[in-house]
Amino acid sequence: MKTLYLVLALSGVAASIQYMYCVVRASTSLVHSQITHWTLVVAGIPTEHSEPKHGRTYSSEEERLFRLKVFEDNLAFVTEHNSMANSTYSLALNAFADLTHHEFKISRLGLAAAATDMVRSSPRAPSLIESPSIAGQLPSSIDWREKGAVTNVKDQGSCGACWSFSATGAIEGINKIVTGSPLSLSEQELVDCDRSYNSGCGGGLMDYAFQWVIKNKGIDTEDDYPYQGGERTCNKDKLRKHVVTIDGYTDVPSNSEKHLLQAVASQPVSVGICGSERAFQLYSKGIFSGPCSTSLDHAVLIVGYGSENGVDYWIVKNSWGTRWGMNGYMHMLRNSGSPQGVCGINMLASYPTKTSPNPPPSPSPGPTRCDLLTYCQEGETCCCTRRILGICFSWKCCELDSAVCCKDHRYCCPHDYPICDTERKQCLKSTGNFTSVKSLDKSSSLVKFGGWNPLLGDWNL
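The numbers in numbering that gives the first Met the number 0 rise by one with no breaks, and the one at position 161 of the sequence shown is 160.
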């Protein structure tokens, strides 16, 4: 089916009768101008005079009309909220303005359902003990971004892996504070490999992530094990790269804002919150004060605190990209008068501890030997191209790490798309699953020869 871009008339071009019928409500001109701005600036959807920035497309005319209706409904919600004189924050038509609230919730949250039960149970780890001498000397404000302890805002995509972003953010923070080295760490490693208690895109808890990093003796960098926006097979080679380590982790006592304040004064802190409210979806700026419940379903990172016009707030880093909130950040009300805090932010907080230096960089691995005479370079996979009586007489190198060698001896597939469909020239995630495929291309061809192959050619084997 031909993909249709959401193409809206530019300013000065009269809207068609059909378009007017789809969006007619109180102020058609307002809807028109808001959609045009969102199309060009926020979502990056192309018009006839522009190119797409983020590739937002719709699969059919019916889908396009449905998204228009959703957008109009969200616009009405934003307009109504922003007309409230006493609100401490504003909403806007952000990158999620064409999603229903239900669609948003199922794609962008991901704190494990056990989070609220964990709060009710006994302490999960050694708890922070308030020091009266320290408590009275805490700074009136702190922003760990200014100290280089916070990496760039990331985007979890349509994968419920918020817990991994919160956990890596906290580890990134303490690593910078202790070692002075700013490193962005791999959420994908946690999503793929931390499967004892956490569930990848199905949700997880930061404490379990900290436990996993300790048990694994470290975690790899984002550059080496980049985020894919979904679950993949755990890369065992990357698993052994212990770039950053932690020694332990500490749980902040539940429902104690003074303990949480003390913790954030020392380093960025992972917290669970309720992020499923519609106002959260469309938040733009200001100090978010609810309404929201204390049913924890999302994980974020507190990177500081401050005050504005006498109103105290937390500085919260989210994992929904820079097109949400204040370039990916939110200010949440602090000292709300509720023990749980706004959206339960005081209920489930923890942070990693670190005093030990990171291990020295591992030496670069040498070539992988296929046999006594044939080798492939780092990041490549040995594939046999000619086998006689169970003995391989010819090797070639697949330019993919930990790849699956196809039986046609011509192609290979990524380890997370392990089924070779050479007839269709596709790699499948599972047998018959044509919804998750990658095309066989040059990187999948067995084109690099090891040392034995020219000799085999001379022998005409």
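For every residue, glycine included, the Cβ atom is placed at its ideal position computed from N, Cα and C.
7 Å Cβ cutoff met for residue i and residue j
i: I218; j: L182; result: no
i: V315; j: M325; result: no
i: C383; j: C375; result: no
i: Q155; j: Q187; result: no
i: H258; j: C161; result: no
i: V152; j: G271; result: no
i: C342; j: C397; result: no
i: P351; j: I286; result: no
i: L238; j: A208; result: no
i: I141; j: A264; result: yes
i: Q280; j: F103; result: yes
i: R322; j: N174; result: no
i: R231; j: D191; result: yes
i: W461; j: P252; result: Within the shown structure, residues of the chain are numbered from 0 to 460, placing residue 461 beyond reach of any answer.
i: K216; j: H241; result: yes
i: V77; j: V302; result: no
i: T421; j: C404; result: no
i: L372; j: L295; result: no
i: Y410; j: K428; result: no
i: Q339; j: N254; result: yes
i: S106; j: S58; result: no
i: A402; j: S269; result: no
Span of the beta strand (DSSP E), counted from its first residue to its last, around residue i
i: S283; result: 282-287
i: C192; result: Per DSSP, C192 belongs to no beta strand (DSSP E); it is in the alpha helix (DSSP H), 186-192.
i: L260; result: No beta strand (DSSP E) contains L260, which is instead part of the alpha helix (DSSP H) from 256-263.
i: H297; result: 297-307
i: I245; result: Run containing I245: none; DSSP gives neither H nor E here.
i: L332; result: 328-332
i: S89; result: 88-90
i: Q425; result: 425-427
i: S393; result: 390-397
i: C419; result: 418-420
Range covered by the alpha helix (DSSP H) that runs through residue i
i: A75; result: 60-81
i: S213; result: At residue 213 the sequence reads Ile, which differs from the Ser that was named. Looking at the DSSP string, the run of the alpha helix (DSSP H) that includes I213 is 205-215.
i: V177; result: 161-178
i: R231; result: Neither: R231 is in no alpha helix (DSSP H) and is coded neither H nor E.
i: R107; result: 100-107
Cβ-Cβ separation, residue j to residue i (assumed contact under 8 Å), whole Å
i: T354; j: V177; result: 7 Å
i: L300; j: G159; result: The pair is not a contact, with the Cβ atoms about 16 Å apart (cut-off 8 Å).
i: S89; j: S283; result: 5 Å
i: D400; j: G378; result: 5 Å
i: T56; j: V310; result: Between V310 and T56 the Cβ distance is about 41 Å, and since that is not below 8 Å, they are no contact.
i: S318; j: D206; result: About 18 Å; that fails the 8 Å criterion.
i: W394; j: C369; result: 4 Å
i: S195; j: W211; result: 7 Å
DSSP beta-bridge partners of residue i
i: W319; result: D154
i: L347; result: In the DSSP output, where bridge partners are listed per residue, L347 has none listed.
i: S406; result: In the sequence on display, residue 406 carries Lys and not Ser. Bridge partners of K406: none, in fact.
i: V341; result: Paired residues: none, contrary to the question.
i: G271; result: A298
i: T220; result: L184
i: R386; result: C391
i: W313; result: Y304, M331
i: Y374; result: R368
i: L110; result: G203
i: T352; result: G247
i: C411; result: C404
i: C381; result: C396
i: D142; result: G303
> Between the segment 350-362 and the segment 381-389, do at least 3 Cβ pairs fall closer than 8 Å?
Replying inline: no
> Is it a yes or a no for the segment 244-264 touching the segment 332-346, going by three-plus beta-carbon pairs under 8 Å?
Replying inline: yes
> Are there three or more Cβ pairs, one per stretch, closer than 8 Å when the segment 60-71 is compared with the segment 85-100?
Replying inline: yes
> Quick check: the segment 102-110 against the segment 200-214, are there 3 or more CB pairs under 8 Å?
Replying inline: yes
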